[in-house]
Amino acid sequence: MHDQETPEALVEWLAAMLLIREFEEQAERASLRGKVPGGVHPAIGQEAVAVGAMRALGPDDIVTGGHRPHHHALARGVDPARLMAELFGRETGLGHGIAGSMHLSDFSRGYYGSNGIVGASLGLAMGAALGASMRGTGQVAVGFVGDGAANTGRTWEFVNMAVIWNLPLIAICENNLYAVETFIDNVMGGKSMVRRAEGFGIPAFEVDGQDIHEVNRAVATARERALAGDGPTFLEMRTYRYHGHETGDKGVYRTADEVDRWRTERDPIARLASSLQASGDLSEQGLTELQEQAVARVADALAFADESPWPSASTAPHPTDREGSAR
Amino acid sequence: MHDQETPEALVEWLAAMLLIREFEEQAERASLRGKVPGGVHPAIGQEAVAVGAMRALGPDDIVTGGHRPHHHALARGVDPARLMAELFGRETGLGHGIAGSMHLSDFSRGYYGSNGIVGASLGLAMGAALGASMRGTGQVAVGFVGDGAANTGRTWEFVNMAVIWNLPLIAICENNLYAVETFIDNVMGGKSMVRRAEGFGIPAFEVDGQDIHEVNRAVATARERALAGDGPTFLEMRTYRYHGHETGDKGVYRTADEVDRWRTERDPIARLASSLQASGDLSEQGLTELQEQAVARVADALAFADESPWPSASTAPHPTDREGSAR
Amino acid sequence: MSDEVTYSAAFREAVRDEMAKDDTVFVIGTDLYHRGGHFAQVLGLGEEFGRDRIRDAPISEAAMVAAGVGAAMNGMRPIVDLNFIDFAFGAMDEIVNQAAKIRFMLGRPVPLVIRASSGIALGGAQHNNSPESWFANVPGLRVAVPATPYDVKGLMKTALRGEDPTIFLMHKKLSALRGPVGGLDDLVPFGSAVIRRPGDDCTLVCSGGTVAKTLEAAESLAASGVSAEVIDLRTLYPLDTEAITTSVRRTGRAVVVDEAPGFSSIAAEIAATIQEQCFEYLDGPVLRATSTHSSIPYSPPLIDAILPTVTGIVERVRQTSEAFSA
Amino acid sequence: MSDEVTYSAAFREAVRDEMAKDDTVFVIGTDLYHRGGHFAQVLGLGEEFGRDRIRDAPISEAAMVAAGVGAAMNGMRPIVDLNFIDFAFGAMDEIVNQAAKIRFMLGRPVPLVIRASSGIALGGAQHNNSPESWFANVPGLRVAVPATPYDVKGLMKTALRGEDPTIFLMHKKLSALRGPVGGLDDLVPFGSAVIRRPGDDCTLVCSGGTVAKTLEAAESLAASGVSAEVIDLRTLYPLDTEAITTSVRRTGRAVVVDEAPGFSSIAAEIAATIQEQCFEYLDGPVLRATSTHSSIPYSPPLIDAILPTVTGIVERVRQTSEAFSA
Ligand SMILES: Cc1ncc(C[n+]2csc(CCOP(=O)(O)OP(=O)(O)O)c2C)c(N)n1
Ligand SMILES: Cc1ncc(C[n+]2csc(CCOP(=O)(O)OP(=O)(O)O)c2C)c(N)n1
Ligand SMILES: [Mg+2]
Ligand SMILES: [Mg+2]
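Chains as they are written, first to last, in the working numbering: chain R, 1327 to 1653; chain C, 1327 to 1653; chain Z, 79 to 404; chain P, 79 to 404.
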């Protein structure tokens, strides 16, 4: 199922990244207007990791992610309107307003959910991979975590388990250099995530997360290995988030210059757009149209979310409360 | 403080190992007679790790260990009679019968305690090393864990923390190849503990744990590094436990032949004894005397424990319960 | 169908039955395949079902539970054997934030059983925690605390055929207890307490490791003319409030017996609920016979000094009967 | 001495005072040095005390607590800031099996404070757990739940000068609450509740995030002629049983208000204790106004549907008053 990188496919990748960026920009703005209870963790700058990875997967493959998950959900094909409605806490949301930004899911697309606990997503993906392996479903499971998860012990328990049980798991670490305001090099002994992973016997590779081709090929290769019964792979995707950790955050932990350089020199959208333009596969007008489509879809999503009703209290109790003799 | 390995010192090391072996043999027998509530985890075969390591430490250095801790305690100079009394659950025990085999301690000797939870000892040693570093006490902390701890996430959190905080910690993994009945190679991805540790940026070395000289030199070197401000070291000590995991255990997970080979070809006591005899530093009679001393001390310890009173219920409540207004 | 087997063997029977019937049932844990678990609870199943389904794991509690949760989300019915419940502390996030909440958050059932040995026995402070009231406090979890081989088998089958995560706690000291068990489809429903001894003067509520003690206390009370009804809860969540309150409305008095240190434990919940729902029927306060608020010591006489005793239970019944019978 | 400061700033003042006075006090946590913690609770202390004592850590909850425990055993007085109490699940063994039990097992005090933000607010199910009753259930731990800036500062000082591990829980929604604070040596002792409003007809027991709501309920009850006494516990363990029972013996009625889902929570302990110790004085059952037994949803109307409300509290008082006043 490795995508052949046809011009049509690449244009679709670009469109998917544009949608994510527009979605995140608008979600953050809506959040600043008080529309999103609790705020959001925008993934602006990390679009290529999500789109490049998802385009290497089959429809039944499984994906989990962490607290910064919108790009995964959108890249996996989740409806932006229902996603925005969930952020707004509305009845029409992906999780009926019960779940929220950190607990998105869409099982019809193998999207097993985002997670509020650093590292936990990888464990669920590992378990889902075990289920796939035992049932012989031919699914591969992808667990996304951030660089922050590299220092959480559970992460390495999960990796080790996937290795010894030879599971069809792809662990993707989106290394955007910071966990909230903590620079990864200040808190990671050894300073190489790939070497750390290799110590657990998992094949591990560093990938330029701002190059969607490289991302896609790395995930496709890992998926082939998994499907061939060769077990898990660990991919460190070097990437960057342009905005603060969460809605409205402006820290002093990194320089404006650093942010600027990532934005101007390595932006994954600009890179793909200009290479498509250079190869003649996308016209100036074509790009404008894609941008306009993204804007329109997100505007629709915002309107849908805004007009959607609040959930009613009767949906609140835990499902298991509805049975049994407990009060 | 690196021990100079004088003949006198080596004879003392041998005596210490003989004491441990005799103690463990008798403790296990007493346990089979029902004298030890809950049984014991004997460290027979692992004597050189404990004695070699402790003889490289200073009197104020800190030691923690796990569920198989008697050899650490004895090598650190803890009174065998009070140790045996604790195993017997008596008032005169190291922990007044409150603590037990897995919760030994002797703070006057920097022995910060054994632990019933796999991996936990290393965390406490890491924290004690932090205290040492912040207070500038010049102490080094040694945390002993088993090979089972290599797959517990917390272990690597502790190692990482010691690296990034540059703590005077020595992590010693007594790799006796099995965790209960689980062969380490079956559950450890990557199969090299040293490489796994190195991934966290900690200098790591494999040591022949059945060669007391090698053990001692490795720990002495690690201690020098720590005292020089060069941070933590990880030492994998390859060793073997001759008996079952706990009192009376006889599993089918390893061959009698394997046990035999470790016992006859690599026994740390036999190795040191015969090299001392070869060099003329210990006579046949000298060895017999050392053995007799060990037997006598342990016999005394057994008698002491057996004659000691049971603790009285008034010592049972938690100390903090004695203050405050809580019930 | 009703041969006598041990408490441990009853567990094994339930697991064996369900594994034979349902390919998706399997077990994850340490030292299972050869050793059969520390309490022989799956002894022999390794050979029968193979290494895939009697799946040995390293000492990685977080990963074991995560594996169970993820597999349960993907069509399996895992049993994660944590050995001692104390080791659940290393997997607390996976249990409380993942297993318990996924159905609520994502609408996906998590048919997972976490088995562990629990209760207060030898081994010292770190091996004798009683966190069952915590699990009962977590919305989304169910907590089973069988006291007999019959209930082990029947409750385990219910857990394995259910859709939600269950914490299945087997008391260490009951491992060798013998008794009859049910057949292939004899399920014991959750939230259904059983009256172990009928009585009229006082209700004694107990479960798991305290049932035998409580029955002894009832016997001793009978000798002095007090007729105590003994209710074995079988599950702490769901709690069979109806069985308890029905009894107390009749007897007018209640003592809750539980082995955990009593402060803020499940005994508090039961006492609070009884007085809430039966206030006008009560002739005396609902009292608790629990362990004292202490870590668990190593030496047997010290343990004995902390545990609820038969005399202690009888004494509590006296206290609640005498103080206000005048 | 009594300038008004926020709840967060009161914490900062306590830590600053004690750090200046005692070299062994220091803080471990994520994003402390620059950001000052997620609630600005140590903002500015980085510059004042340096990176050694305002010590940034990776996302390694187990290692943070282990570092605190080990350092406390070796002469330090660490504060481990876990950010949200939910993240304590990753350090549960270090808290429950190590910090809480070491003094019991080894005789060595562990003067450690674990600070975390708690209570129910926005953020969804995994960020709004209420495990305070679990910590209260663990022998060896103390649990502080301040409701005012004054108590934050005074209780924190007590914790920092004590010898035992304290779980210090600050309610998320109170961060910006302003109020007076005490001076350098104004300590608030543990186990000492305070009467926030005196009254004669009913006792309302509350703490932390429910104090304001409970006072509102008392106000509303006053309007309809019911005089409610409001007791703020300040610490859940030790629990000031005397203050509670003294009040209930006078008022004859009690409602326990707590924000945690009520089943098997601290509210159960308080209710159970009250009826045990005040049975003959009670004119009605001790009722609870708590959150329902549910994971915490994301959307505000759903959260509101779960939380205890002012009307709910008033209703409970009515229930316990009316049912048996005839
Ligand atoms: C176990 C745990 N500890 C702490 C947090 C609080 N927290 C939420 S996101 C975050 C930073 C995560 O950084 P990273 O993994 O690098 O992901 P990024 O935000 O960069 O996408 C932290 C500390 C958490 N959610 N879970
Ligand atoms: C967290 C945790 N999980 C499980 C156990 C049960 N247990 C006690 S000892 C042991 C094996 C430990 O093996 P290893 O670390 O190799 O030490 P050894 O027994 O070989 O000395 C296990 C699984 C435990 N004590 N703690
Ligand atoms: Mg990051
Ligand atoms: Mg071992």
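C-beta: ideal position from N, C-alpha, C; glycine also.
Model, not experiment: these values are computed from the prediction.
Review point. Of all the options S372(Z), E393(Z), V392(Z) and C356(Z), which has the alpha carbon lying nearest to the alpha carbon of I384(Z)?
Key: In the third sequence, residue 384(Z) corresponds to position 306, counting from 1. Residue S372(Z) is the option with its Cα nearest to I384(Z).
Exercise for review: Work out the CA separation of I381(P) and K1361(R) for me, nearest whole Å.
Suggested key: The residue labelled residue 1361(R) in the question sits at position 35 within the first sequence. The residue labelled residue 381(P) in the question sits at position 303 within the fourth sequence. Spanning the two alpha carbons is a distance of roughly 16 Å.
Point to revise | Residues of the stretch 1494 to 1513 of chain R whose Cβ lies closer than 9 Å to any Cβ of chain C, in chain order | key: N1512 and V1513
Check your understanding: Which chain P residues are close to H1398(C), counting only those with a beta carbon under 8 Å from its beta carbon?
Key -> Position 72 of the second sequence, counting from 1, holds the residue named residue 1398(C). The premise fails here: H1398(C) is roughly 14 Å from chain P at the closest Cβ pair, so nothing lies under 8 Å.
Review point. Using a threshold of 7 Å, is the CB atom of A1319(C) nearer than that to any non-hydrogen atom of ligand 4?
Key: Any answer about residue 1319(C) is impossible in this case: the structure gives chain C only from 1327 up to 1653.
Check your understanding: Which word fits P1333(R), buried or exposed, when buried means at least 16 other C-beta atoms lie within 10 angstroms of its C-beta?
Key -> The residue you call residue 1333(R) lines up with position 7 of the first sequence. When all chains shown are included, P1333(R) counts as exposed.
Point to revise | Which listed residue (R1597(C), F1509(C), V1520(C) and Y1568(C)) has its alpha carbon closest to that of D1583(C) | key: For this step, residue 1583(C) is matched to residue 257 along the second sequence. When each option's Cα is compared against that of D1583(C), the closest is Y1568(C).
**Study point:** Exposure of Q176(P), with buried meaning 16 or more beta-carbon neighbours within 10 Å
**Key:** Translated into the one-based positions of the fourth sequence, residue 176(P) becomes position 98. When all chains shown are included, Q176(P) counts as buried.
**Study point:** Chain-ordered neighbours of M170(P) on chain Z, where CB pairs are closer than 7 Å
**Key:** For this step, residue 170(P) is matched to residue 92 along the fourth sequence. Residues of chain Z passing the Cβ test: F167 and M170.
Exercise for review: Could you tell me which residues DSSP pairs with L365(P) in its beta bridges?
Suggested key: Within the fourth sequence, the letter at position 287 stands for residue 365(P). V333(P).
**Study point:** the stretch 1556 to 1563 of chain C in contact with the stretch 1515 to 1532 of chain C per 3-pair CB rule at 8 Å
**Key:** yes
Practice item. Take every Cβ of the stretch 1466 to 1473 of chain C, pair it with every Cβ of the stretch 1387 to 1403 of chain C, and state whether three or more of those distances are shorter than 8 Å. Key: yes
Point to revise | alpha helix (DSSP H) runs wholly inside the stretch 1427 to 1501 of chain R, at least 4 long, in chain order | key: 1446 to 1461 and 1479 to 1490
Exercise for review: Scan the stretch 106 to 121 of chain P for residues whose Cβ lies nearer than 7 Å to a Cβ of chain R and list them as they occur along the chain.
Suggested key: T108, D109, H112 and R113
Exercise for review: For the stretch 334 to 350 of chain P, enumerate the residues whose C-beta is nearer than 7 Å to any C-beta of chain Z, in chain order.
Suggested key: P339, F341, S342, S343, I344, A346, E347, A349 and A350
Check your understanding: What is the DSSP secondary structure of L282(P), reduced to helix, strand or coil?
Key -> Taking the fourth sequence and counting its residues from 1, one reaches residue 282(P) at position 204. Three-state result, L282(P): strand.
Practice item. Report all residues from its chain with a CB closer than 6 Å to the CB of E1412(R); omit the five preceding and five following residues, and keep chain order. Key: Position 86 of the first sequence, counted from the first residue, corresponds to residue 1412(R). The residues are G1419, L1420 and G1421.
Practice item. Report the neighbours of P1363(C) on chain Z: residues whose CB is nearer than 8 Å to its CB, in chain order. Key: Locating residue 1363(C) in the second sequence gives position 37, where the first residue counts as 1. Here the neighbours are L200, Y376, S377 and P378.
**Study point:** Residue closest to V143(P), alpha-carbon to alpha-carbon, out of R90(P), P227(P), V188(P) and E210(P)
**Key:** Sequence index remark: in the fourth sequence, residue 143(P) carries index 65 (1-based). It is V188(P).
Exercise for review: Within its chain, find whatever has a CB closer than 8 Å to the CB of D1647(R); leave out the 5 residues flanking it on each side and keep chain order.
Suggested key: The residue labelled residue 1647(R) in the question sits at position 321 within the first sequence. Caution applies to D1647(R), whose pLDDT of 44 falls short of 50 and renders its modelled position unreliable; the model cannot decide the point.
Review point. Using a Cβ-Cβ distance under 8 Å, would P136(Z) count as near chain R?
Key: Here residue 136(Z) is taken as the residue at index 58 of the third sequence, counted from 1. At least one chain R Cβ lies under 8 Å of P136(Z).
Check your understanding: Name the chain Z residues whose beta carbon is nearer than 7 Å to that of L1456(R)?
Key -> Locating residue 1456(R) in the first sequence gives position 130, counting from the first residue. The contacting residues are A145, G148 and A149.
Check your understanding: Can you check whether the CB of A118(Z) is closer than 8 Å to the CB of F162(Z)?
Key -> The residue given as residue 162(Z) occupies position 84 in the third sequence. The residue given as residue 118(Z) occupies position 40 in the third sequence. Cβ distance not < 8 Å, so F162(Z) and A118(Z) don't count as in contact.
Check your understanding: Which class does F1509(R) belong to by DSSP, given the choice of helix, strand or coil?
Key -> Mapped onto the first sequence, residue 1509(R) falls at position 183. Three-state result, F1509(R): strand.
Exercise for review: Would you tell me roughly how many angstroms separate the C-alpha atoms of G1606(C) and V1337(C), rounded to the nearest one?
Suggested key: Taking the second sequence and counting its residues from 1, the one referred to as residue 1606(C) is at position 280. Taking the second sequence and counting its residues from 1, the one referred to as residue 1337(C) is at position 11. Each residue's Cα considered, the two are about 11 Å apart.
Review point. Quick one: does the C-beta of N161(Z) sit closer than 7 Å to a heavy atom of ligand 2?
Key: Sequence index remark: in the third sequence, residue 161(Z) carries index 83 (1-based). Checking every heavy atom of ligand 2 against the Cβ of N161(Z), one is found closer than 7 Å.
Review point. Is the beta carbon of I1346(C) within less than 7 Å of some heavy atom of ligand 2?
Key: As a first step, residue 1346(C) must be located in the second sequence, where it is residue number 20. Incorrect: I1346(C) has no Cβ contact closer than 7 Å to ligand 2.
Review point. H249(P) bridges to which residues according to DSSP?
Key: Stepping through the fourth sequence from its first residue, residue 249(P) is reached at position 171. BP columns for H249(P) point to S196(P).
Practice item. Verify the CB distance criterion: does S1427(R) have a CB-CB separation below 8 Å to chain Z? Key: Here residue 1427(R) refers to the residue found at position 101 of the first sequence. With 8 Å as the cut-off, S1427(R) does not count as an interface residue toward chain Z.
**Study point:** Distance cut-off 7 Å: N1477(R) Cβ against heavy atoms of ligand 3
**Key:** Position 151 of the first sequence, counted from the start, is the residue given in the question as residue 1477(R). Every heavy atom of ligand 3 is 7 Å or more from the Cβ of N1477(R), so no.
Review point. Per DSSP, which one or two residues make a beta bridge with T406(Z)?
Key: In this structure chain Z extends from 79 to 404, so residue 406(Z) is not present and cannot be described.
**Study point:** Assigned exposure category for P1385(R) - 16 Cβ within 10 Å defines buried
**Key:** For the purposes of this step, residue 1385(R) is taken as the residue at position 59 of the first sequence. Counting Cβ neighbours within 10 Å, P1385(R) comes out exposed, since fewer than 16 surround it.
Check your understanding: Using 8 Å as the limit for Cβ to Cβ distance, is R1592(R) near chain Z?
Key -> As a working note, residue 1592(R) is residue 266 in the first sequence. Taking Cβ atoms only, chain Z never reaches closer than 8 Å to R1592(R), which makes this a no.
Practice item. Could you work out which residues of chain R lie near V1489(C), taking near to mean beta carbons separated by less than 8 Å? Key: For the purposes of this step, residue 1489(C) is taken as the residue at position 163 of the second sequence. Correct list: G1515 and G1516.
**Study point:** Contact between the stretch 1516 to 1524 of chain C and the stretch 1583 to 1594 of chain C (3+ Cβ pairs under 8 Å)
**Key:** no
Point to revise | Top-ranked residue by Cα proximity to A88(P), from E393(P), I391(P) and M234(P) | key: Here the question's residue 88(P) lines up with position 10 in the fourth sequence. It is M234(P).
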